[in-house]
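Trainee: Attaching a single structure in structure tokens format; questions to follow.
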Amino acid sequence: MPIEVDRHEVQRRMEQGAQLVDVMAASEYASTHIAGALNVPLGRLSELAPQVLDRTRGVITYCYDSL
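Start counting the sequence shown at 911; every next residue gets the next number (our numbering).
If you want it as structure tokens, here you go:
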């Protein structure tokens, strides 16, 4: 179930092995993204997630909203 977390919780979860996924369009990702984030555009998330994400690790998704 999705939950909203603050940047400190994101950092903590990433230190514990969570994957950070940027769901912006590839062009937006190319211009700005958080270091270490994977780009899986929202419109292709269902299609690409099984190919690029590790099901044994947590997942944090984000999009641009005053990063």
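Where a beta carbon is used, it is the ideal one built from N, C-alpha and C, also for glycine. The model shown is predicted, which means the values in this text are computed figures rather than measured ones.
So who's on the other strand from residue 930, going by DSSP bridges?
Mentor: Sequence index remark: in the sequence shown, residue 930 carries index 20 (1-based). DSSP output for residue 930 lists 970 as bridge partner(s).
Trainee: Assuming residue 963 contacts residue 929 (C-beta within less than 8 Å), just tell me the rounded distance between them.
Mentor: As a working note, residue 963 is residue 53 in the sequence shown. As a working note, residue 929 is residue 19 in the sequence shown. With 8 Å as the limit, residue 963 and residue 929 qualify as a contact, their Cβ atoms being about 6 Å apart.
Trainee: For residue 921, does the three-state DSSP call read helix, strand or coil?
Mentor: Here residue 921 corresponds to residue number 11 of the sequence shown, with the count starting at 1. Helix.
Trainee: Name the DSSP beta bridge partners of residue 948, please?
Mentor: Start at 1 with the first residue of the sequence shown, and residue 948 comes out as number 38. In DSSP, residue 948 forms a bridge with 931.
Trainee: Residues in its own chain within less than 7 Å of residue 969 by CB, not counting five upstream and five downstream?
Mentor: Taking the sequence shown and counting its residues from 1, the one referred to as residue 969 is at position 59. Here the set comprises 928, 929, 931 and 963.
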